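S.K.: When the sequence shown is numbered by our numbering, its final residue is 194 and no position is left out of the sequence of numbers. Quick reminder that beta carbons are idealized off the backbone N, C-alpha and C, glycines included. No experiment lies behind these values; they were computed from the predicted model shown.
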Amino acid sequence: TWSSASWSAEAVPKGSTVYLRLQLGILNLEGKGDREGLLRASCFKGSVLEGRDDPCCVGSFKLTLVLPMSDDLASLEQRYRQRLDVQKAPPLSFERASFIGVWRLLLTIDGTSPACFTIRLNQDRSFASEGDAQVLGGTWGMYSKGYRSRPDGGARGSAIEGFGSSLWLKVDRDRCS
18 TWSSASWSAE AVPKGSTVYL RLQLGILNLE GKGDREGLLR ASCFKGSVLE GRDDPCCVGS
78 FKLTLVLPMS DDLASLEQRY RQRLDVQKAP PLSFERASFI GVWRLLLTID GTSPACFTIR
138 LNQDRSFASE GDAQVLGGTW GMYSKGYRSR PDGGARGSAI EGFGSSLWLK VDRDRCS
């Protein structure tokens, strides 16, 4: 059906290439263009694909900007550059795999005396303490403070992330003794 249409555009940060995907009914247009300055690409070229599950190339396309967005593009680019300069940098982010291994946990709960555990963070997101008669166990993961949206498109605050700025532990009573 020709009644459905959607589009998306992506660019590598600080890169000049912009990638465009345009879906018009059963046709998918995939192409790229080069930015002129910071804001836009005035021409996109690419392939026309037909079919969703097993697409085949049925042609090519060229999309060209006809009417400019602004008479004063230099002023618009300068304001855009100023907005980018005042944005805060995202928090540092670390891969979850870099935390797998043995760690020392100092735990204080509601004013009780601190308890020290040697815990092993496992690949399957479980953890358990080692070397003590009492066992502390549960699950663990990563999250990022301050992200408005995740780079991988997942939900903000999702418990299962492959990266993050902070580590969380959830103690499971069934895994403790």
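Answer with buried or exposed for ALA58, where buried requires no fewer than 16 other C-beta atoms within 10 angstroms of its C-beta.
M.R.: Buried, because 16 or more other Cβ atoms sit within 10 Å of the Cβ of ALA58.
S.K.: Quick one, which of VAL29, GLY32, LYS31 and LEU41 has its alpha-carbon nearest SER23's?
M.R.: When each option's Cα is compared against that of SER23, the closest is LEU41.
S.K.: Is it buried or exposed, TRP157, if we count other Cβ atoms within 10 angstroms and call 16 or more buried?
M.R.: Buried, since its Cβ has 16 or more Cβ neighbours within 10 Å.
S.K.: Could you tell me the distance, in whole angstroms, from the CA atom of SER166 to the CA atom of CYS133?
M.R.: Here the model assigns SER166 a pLDDT of 48, short of 50, so the residue's position is not dependable, and the following value carries that caveat. Their Cα atoms are separated by approximately 35 angstroms.
S.K.: Report the rounded CA-to-CA distance for LEU93 versus ASP71, giving the unit in angstroms.
M.R.: For LEU93 and ASP71, the distance between alpha carbons rounds to 42 angstroms.
S.K.: So what does LEU124 bridge to, in DSSP terms?
M.R.: LEU124 is bridged to ALA132.
S.K.: Cα separation between ALA91 and LEU101?
M.R.: Straight-line Cα distance between these residues: approximately 15 angstroms.
S.K.: Our contact map puts LYS62 next to GLY48 with C-beta atoms below 8 angstroms; I'd like the distance itself, whole angstroms only.
M.R.: At roughly 5 angstroms, the Cβ-Cβ gap stays under 8 angstroms, so LYS62 and GLY48 are in contact.
S.K.: Which of the three DSSP states is assigned to SER161 in this structure?
M.R.: Coil at SER161, not helix or strand.
S.K.: How big is the Cα-Cα spacing for LEU82 and GLY54?
M.R.: The alpha-carbon atoms of LEU82 and GLY54 are separated by roughly 15 angstroms.
S.K.: Please report how far the alpha carbon of ALA172 lies from the alpha carbon of GLY179, in whole angstroms.
M.R.: Because the pLDDT of ALA172 is 49, which lies under 50, any placement of that residue in the model is unreliable, and the number read from its coordinates should be weighed accordingly. ALA172 and GLY179: Cα-Cα distance of roughly 13 angstroms.
S.K.: If we ignore side chains and look at the alpha-carbon of each, how far apart do GLY68 and LEU39 end up?
M.R.: Between GLY68 and LEU39, the C-alpha separation is close to 13 angstroms.
S.K.: Which one or two residues does DSSP pair with GLY93 in a beta bridge?
M.R.: The displayed chain sequence assigns Leu, not Gly, to residue 93. Note: LEU93 sits in no beta bridge, so no partner.
S.K.: Fully enclosed by the stretch 22 to 50, which beta strand (DSSP E) runs are 3 residues long or longer?
M.R.: With a minimum length of 3 residues, the continuous beta strand (DSSP E) runs that stay inside the stretch 22 to 50 are 22 to 28 and 34 to 41.
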